[in-house]
Amino acid sequence: MAAAATMAAAARELVLRAGASDMEEEEGPLEGGPGLQEPLQLGELDITSDEFILDEVDVHIQANLEDELVKEALKTGVDLRHYSKQVELELQQIEQKSIRDYIQESENIASLHNQITACDAVLERMEQMLGAFQSDLSSISSEIRTLQEQSGAMNIRLRNRQAVRGKLGELVDGLVVPSALVTAILEAPVTEPRFLEQLQELDAKAAAVREQEARGTAACADVRGVLDRLRIKAVTKIREFILQKIYSFRKPMTNYQIPQTALLKYRFFYQFLLGNERATAKEIRDEYVETLSKIYLSYYRSYLGRLMKVQYEEVAEKDDLMGVEDTAKKGFFSKPSLRSRNTIFTLGTRGSVISPTELEAPILVPHTAQRGEQRYPFEALFRSQHYALLDNSCREYLFICEFFVVSGSAAQDLFHAVMGRTLSMTLKHLESYLTDCYDAIAVFLCIHIVLRFRNIAAKRDVPALDRYWEQVLALLWPRFELILEMNIQSVRSTDPQRLGGLDTRPHYITRRYAEFSSALVSINQTIPNERTMQLLGQLQVEVENFVLRVAAEFSSRKEQLVFLINNYDMMLGVLMERAADDSKEVESFQQLLNARTQYLRNCQHKHPGRFKTMKFLGFPGGAVGKSRPANARDVGSSPGPGRSHMPRSN
Numbered sequence: 001m002a003a004a005a006t007m008a009a010a011a012r013e014l015v016l017r018a019g020a021s022d023m024e025e026e027e028g029p030l031e032g033g034p035g036l037q038e039p040l041q042l043g044e045l046d047i048t049s050d051e052f053i054l055d056e057v058d059v060h061i062q063a064n065l066e067d068e069l070v071k072e073a074l075k076t077g078v079d080l081r082h083y084s085k086q087v088e089l090e091l092q093q094i095e096q097k098s099i100r101d102y103i104q105e106s107e108n109i110a111s112l113h114n115q116i117t118a119c120d121a122v123l124e125r126m127e128q129m130l131g132a133f134q135s136d137l138s139s140i141s142s143e144i145r146t147l148q149e150q151s152g153a154m155n156i157r158l159r160n161r162q163a164v165r166g167k168l169g170e171l172v173d174g175l176v177v178p179s180a181l182v183t184a185i186l187e188a189p190v191t192e193p194r195f196l197e198q199l200q201e202l203d204a205k206a207a208a209v210r211e212q213e214a215r216g217t218a219a220c221a222d223v224r225g226v227l228d229r230l231r232i233k234a235v236t237k238i239r240e241f242i243l244q245k246i247y248s249f250r251k252p253m254t255n256y257q258i259p260q261t262a263l264l265k266y267r268f269f270y271q272f273l274l275g276n277e278r279a280t281a282k283e284i285r286d287e288y289v290e291t292l293s294k295i296y297l298s299y300y301r302s303y304l305g306r307l308m309k310v311q312y313e314e315v316a317e318k319d320d321l322m323g324v325e326d327t328a329k330k331g332f333f334s335k336p337s338l339r340s341r342n343t344i345f346t347l348g349t350r351g352s353v354i355s356p357t358e359l360e361a362p363i364l365v366p367h368t369a370q371r372g373e374q375r376y377p378f379e380a381l382f383r384s385q386h387y388a389l390l391d392n393s394c395r396e397y398l399f400i401c402e403f404f405v406v407s408g409s410a411a412q413d414l415f416h417a418v419m420g421r422t423l424s425m426t427l428k429h430l431e432s433y434l435t436d437c438y439d440a441i442a443v444f445l446c447i448h449i450v451l452r453f454r455n456i457a458a459k460r461d462v463p464a465l466d467r468y469w470e471q472v473l474a475l476l477w478p479r480f481e482l483i484l485e486m487n488i489q490s491v492r493s494t495d496p497q498r499l500g501g502l503d504t505r506p507h508y509i510t511r512r513y514a515e516f517s518s519a520l521v522s523i524n525q526t527i528p529n530e531r532t533m534q535l536l537g538q539l540q541v542e543v544e545n546f547v548l549r550v551a552a553e554f555s556s557r558k559e560q561l562v563f564l565i566n567n568y569d570m571m572l573g574v575l576m577e578r579a580a581d582d583s584k585e586v587e588s589f590q591q592l593l594n595a596r597t598q599y600l601r602n603c604q605h606k607h608p609g610r611f612k613t614m615k616f617l618g619f620p621g622g623a624v625g626k627s628r629p630a631n632a633r634d635v636g637s638s639p640g641p642g643r644s645h646m647p648r649s650n
């Protein structure tokens, strides 16, 4: 900082000296010196402002000191006055050189001036042209807007014309009758595919003409006559074809399902008649109903008659009741009873008829069964008859819905028109048969067959048989309840004193009840019915009372207990084979048996000598208190191995 200040002071001093020197050279020596022309006139010079002037000089000096050349000169110690003169000389030289260069390039400069003038003229013309272009563009933009508006209007007109063209094209296409359609309707057989194709085309054109006529289209009058003639020709050919198919059902030994399936391929024929000639469509439907109604009635009447010929010859009669004694019908003029009345109370293998495999098994063929001398119980015949009815009814209902284009109540009405006579005949036959039917197991199996067939029909979405199933059940349930009540009454009215000789073995009436009750309980478990359980409960009460009445006929308490235990044990064993362990019947007899065996244990404990050698059915080896269920084979009249029906005492 000190060095810089020193250099600044030195520079200021040099400048002042240089300024004074210059003044002396220009004006000459002061105060009358040589060359002085006039005395120096200071006037009113304010010599007190040196400090202000020096401050400005300091600012300029400081600014010049920042210059690179000044810095270099100060470093090298060059005399500034000499240096300034040198610089001035160089500037003069450069100026003179520049003047000479300018003089030398005067022609080029003049040419450049001329070129610049010409460029100015060109630019002026371009400016004028661009101005003209701008005005032209303004007018063009307005024209473009006008063209856009015109184009939008033209597009609207074009779309409108195209829309009109499309509508008119559809109208014309719908009204024009091509030659291929005329040829196919007039000449092609109805079974050819092209006839069906052109018939669909004719149906579409007829519908289009009807629609346009409703709108008042005048062009429809030109094609109405042609379409009417083609429609009449098509209706005539279709009517003859369908009626021939229906008449073919009537031929003997004809499987009507084959032509029925063939008709489904031409179901559009009936749709065409339905839309264009309802009178002919009604004629065909009525003819179909009349023909198929007679066919079904004849088939089922014949099948039912032949089917009943393979039924068991020995069937239950009104005297084959649970409480009827075996010797009741041995009069001179009485009809021989069943070889074993107990068989009508036994289920055996009859329950397989409601198993899934047997339920939808093929129907029975009567003449085949007759050749093989086979016989069946009524429930097997009932299953075969109604499975055939179910299968044909489902097929018929689906055919009616598809071919005659009906659904809901209309389909059911048409179905009953076809199958109504057959169903009525079947109901009358069943009602007639049930009048003399006393086989409760057969009737109960028929009830469960109907319940299962009703579920199958529901799965196949065929509601047309719902009313028929209800009518069948309305016949079966009352008859079943009547037979059950007759058996209840027979047990209630049985007089033990008229049963002949008594022993302590299980009574045949209790054997009948055990088999009968277990049969109904096992069947009822699949689809429970409360009314059935109530009737079985009443029957159980009567059987229990009957057992007590018979036991009362024995003179000794020991025989009474033996009789009760043997009967309870037998009934419990048979029930446990078929019924569930937690069923009401099993629990009831289990309690009765336990009560008697407990009483025997108490007696054996109090009087060991009196009861020690007793043996009971169900207590092998005389071991009182270890009850086991009786096997169905043990229910017969003869005792099984290792078992004694009679109590033995020493």
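Numbering-wise, UniProt numbering puts 38 at position 38 of the sequence shown, and it's gapless, one number per residue. Note that the Cβ used here is the ideal one computed from N, Cα and C, for glycine as well. What you are looking at is a predicted structure, and each value in this text was computed from that prediction instead of being measured.
query                                                                                                                                                                                     : result
Measuring alpha carbon to alpha carbon, tell me which of 369, 343, 112, 344 ends up nearest residue 303.                                                                                  : 369
For residue 492, which residues in the same chain have their Cβ closer than 6 Å to its Cβ, ignoring the five residues on either side in sequence?                                         : 542
Would residue 474 and residue 465 qualify as a contact pair, given that the criterion is a beta-carbon distance under 8 Å?                                                                : no
Between residue 652 and residue 385, what straight-line distance do the alpha-carbon atoms span, to the nearest angstrom?                                                                 : Outside the shown range of the chain, which is 1 to 650, sits residue 652, and nothing can be said about it.
Could you check whether the segment 417-425 touches the segment 317-326, counting it as contact only if at least three pairs of C-beta atoms, one from each stretch, sit closer than 8 Å? : no
If you check the beta carbons only, do residue 291 and residue 246 fall under 8 Å apart?                                                                                                  : yes
Kindly list the residues whose CB is nearer than 8 Å to the CB of residue 607, restricted to its own chain and excluding five residues on each side of it in sequence; keep chain order.  : Note on residue 607: pLDDT 44, under 50, position unreliable in the model; the coordinate value appears next. Around residue 607: no qualifying Cβ.
For residue 256, name the three-state secondary structure that DSSP assigns.                                                                                                              : coil
In terms of residue numbering, what span does the alpha helix (DSSP H) encompassing residue 220 cover?                                                                                    : 220-248
Buried or exposed for residue 158, going by 16 or more other Cβ atoms inside 10 Å?                                                                                                        : exposed
From what residue to what residue does the alpha helix (DSSP H) around residue 540 run?                                                                                                   : 530-551
State the beta-bridge partners of residue 376 as determined by DSSP.                                                                                                                      : 311
Closer than 7 Å by C-beta to residue 301: which residues in its own chain qualify, once you throw out the five before and the five after it? Chain order, please.                         : 425
Taking contact to mean 3 or more Cβ pairs, one atom from each stretch, closer than 8 Å, check whether the segment 385-402 and the segment 436-443 are in contact.                         : no
Report all residues from its chain with a CB closer than 6 Å to the CB of residue 662; omit the five preceding and five following residues, and keep chain order.                         : Given a span of 1 to 650 for the chain in the structure shown, any question on residue 662 remains unanswerable.
What residue from 471, 96, 233 has the CA that sits closest to residue 182's CA?                                                                                                          : 233
Identify whether residue 474 lies in helix, strand or coil by the three-state DSSP scheme.                                                                                                : helix
Going along the chain, which residues of its own chain have a beta-carbon closer than 7 Å to the beta-carbon of residue 287, five neighbours each way excluded?                           : 243, 246
Do you know how far the Cα of residue 356 is from the Cα of residue 282?                                                                                                                  : 42 Å
Let's see if you can read the secondary structure: which residues bound the alpha helix (DSSP H) around residue 416?                                                                      : 408-435
For a quick check, are the C-beta atoms of residue 570 and residue 514 less than 8 Å apart?                                                                                               : yes
Restricting to Cα atoms, I'd like to know which of 550, 107, 378 is closest to residue 344.                                                                                               : 378
Is residue 293 near the ligand HEM - that is, is its Cβ less than 7 Å away from at least one heavy atom of it?                                                                            : Ligands displayed in this structure: none; no statement on the ligand HEM is therefore possible.
Could you tell me whether the Cβ atoms of residue 524 and residue 533 are closer together than 8 Å?                                                                                       : yes
When burial is assigned at 16 or more other CB atoms within 10 Å of the CB, is residue 498 buried or exposed?                                                                             : exposed
Rounded to the nearest angstrom, what separates residue 260 and residue 163 at their Cα positions?                                                                                        : 47 Å
For residue 320, does the count of other Cβ atoms within 10 angstroms reach 16, so buried, or fall short, so exposed?                                                                     : buried
Smallest Cα separation from residue 189: which of 213, 153, 239, 214?                                                                                                                     : 239
Determine whether the beta carbon atoms of residue 223 and residue 177 lie at a separation below 8 Å.                                                                                     : yes
Tell me the DSSP secondary structure of residue 277 in three-state form.                                                                                                                  : coil
How is residue 348 classed by DSSP in three states: helix, strand or coil?                                                                                                                : coil
Taking residue 449 as the reference, which of 476, 428, 463 has the closest Cα?                                                                                                           : 476
Looking at the unbroken alpha helix (DSSP H) that takes in residue 94, where does it start and where does it end?                                                                         : 80-104
Following the continuous alpha helix (DSSP H) through residue 181, name the residue where it begins and the one where it ends.                                                            : 179-187
Name the residue from 299, 204, 413, 210 whose alpha carbon lies nearest to the alpha carbon of residue 289.                                                                              : 413
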